[in-house]
Amino acid sequence: MKKIVTMITALALVLGLAACGKNNPNPDSTSGTTPGESTTVSTEQTTDTNPPATDAADSPKALLEAIWNQYKEDDKFPAAGGDYDEANMVDGAPGNVGLDNADDVERLVGFPAASIGEIDAAASLFHMMNGNTFTCGAYRVKEGTDVDALAQSIRDAIQGRRWMCGFPDKIIVATVDNYIVSVFGLEDLVDNFRDTMVSVYPATSVVFDEPIE
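Here you go:
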């Protein structure tokens, strides 16, 4: 019971902070205008003496678990995953995100509600005390979806927020096979996630890697 209360409190903090980011009456989350240029980061890797499996995961949750499990203990932070559904709540690891309420998904991880029909599964990992410190969403894209266009929409939705309860440093949006992963938060945490993702999945393409504007 104590664990469930802790998880609900953590999710309330994350969604509360995200709600502050929705105070813009005219968010640019669906605008076709791209403020600034996106940056593509090279995915060349250094040799790993014990590399993890590099095949694409069978779910967004499994994808995030493979990345999180590759973290050094010193690099891990108080984390949780999932959503408000008790069945999805996970302490200290990624969890599934239900897609029934598109607005809740947008508030939690920044995925644009209008695009919810373009994915069939999602997962999250976020900082337990402050979602603006680190929030990650992973999405499995439906066949036939324009992945590049959806990645742009995710980037725009997150950049279009008004960060009135703490300001993340940066955002990345990356793709690997039929998955899109978005992360925003403090620079060192976001960069470490990006580098770990690329080491676990060398086919990763970092589509956006830029400061929060």
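Each residue of the sequence shown is one higher than the one before, starting from 0 at the first, in numbering that gives the first Met the number 0.
Ideal placement from N, C-alpha and C gives every residue a C-beta, glycine not left out.
* **Span of the beta strand (DSSP E), counted from its first residue to its last, around Thr-144** => Thr-144 -> no beta strand (DSSP E), and no H or E assigned at all.
* With a cut-off of 8 Å, do at least 3 Cβ pairs link the segment 126–134 to the segment 55–68? -> No, the segment 126–134 is not in contact with the segment 55–68.
* contact_flag[the segment 155–172, the segment 203–211] where n(CB pairs < 8 Å) is 3 or more -> Yes, the segment 155–172 is in contact with the segment 203–211.
* Of the listed residues Asp-74, Asp-103, Leu-107, nearest to Ser-181 (C-alpha basis) -> For the residues Asp-74, Asp-103, Leu-107, the minimum Cα distance to Ser-181 belongs to Leu-107.
* What whole-angstrom Cβ distance do Val-104 and Ala-112 have, given they're in contact under 8 Å? -> Cβ atoms of Val-104 and Ala-112 come within 8 Å of each other, at about 7 Å.
* Three-state class that DSSP yields for Ser-204 in the structure shown -> In this structure, Ser-204 counts as strand in the three-state DSSP scheme.
* Taking the continuous alpha helix (DSSP H) assigned at Thr-195, which residues delimit it? -> Looking at the DSSP string, the run of the alpha helix (DSSP H) that includes Thr-195 is 186–199.
* Asked: Closest to Leu-188 by CA distance: which of Ala-61, Ala-56, Pro-59, Lys-71 is it?
  -> Closest by alpha carbon: Lys-71.
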